[in-house]
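Trainee: Heads up, the sequence shown stops at 122 in the UniProt record's numbering, and the numbers go up one at a time, no gaps.
C-beta: ideal position from N, C-alpha, C; glycine also.
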Amino acid sequence: MVTDLDASSEFYETVVGVEPDEISDSNIEYDTGQATLVLESDFDPAVLDAFGLEEPGDDRGDGVIVAIEVDGPNEVDAVCQRAHDSGETVRMDPTDVDWGRRMAILADPDGYTVEISAPLDN
1 MVTDLDASSE FYETVVGVEP DEISDSNIEY DTGQATLVLE SDFDPAVLDA
51 FGLEEPGDDR GDGVIVAIEV DGPNEVDAVC QRAHDSGETV RMDPTDVDWG
101 RRMAILADPD GYTVEISAPL DN
């Protein structure tokens, strides 16, 4: 759930580079190739209660990591550069990690951690 659907969709489309698959008034779905990322406008308390859910509160991004694989190490760099250029939070600049990937860590407008990664070229 996101506080501002427009700001979140701008981040995922412009910075991360994913294209919307389905759009409605209250949500946007992105087919990332590995899973479907769904951004939902915050539900009102009655809807949350009907599903046995609680409001996300101020700590909505705690403990959540959205991992998106991009087309290669250069695309990790490009996504991170777009994040810097857009004034978005970059928690970790592109780094080659021991398990054979290049990755960067961003924060989306609601503070959700977004890992952008790709296998290193052999």
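Hey, how far is the Cα of Asp96 from the Cα of Glu75?
Mentor: The alpha-carbon atoms of Asp96 and Glu75 are separated by roughly 13 angstroms.
Trainee: Mind checking whether Cys80 and Ala118 have CB atoms under 7 angstroms apart?
Mentor: No.
Trainee: Roughly how many angstroms separate the alpha carbons of Ala50 and Met1, rounded to a whole number?
Mentor: In a straight line, the C-alpha of Ala50 is about 16 angstroms away from that of Met1.
Trainee: Count the other CB atoms, across all protein chains shown, that sit within 10 Å of the CB of Glu19; report buried if there are 16 or more and exposed otherwise.
Mentor: Answer is exposed; the Cβ neighbour count stays below 16.
Trainee: Identify the continuous alpha helix (DSSP H) that holds Leu53 and give its terminal residues.
Mentor: That residue, Leu53, is in no alpha helix (DSSP H); it is neither H nor E in DSSP.
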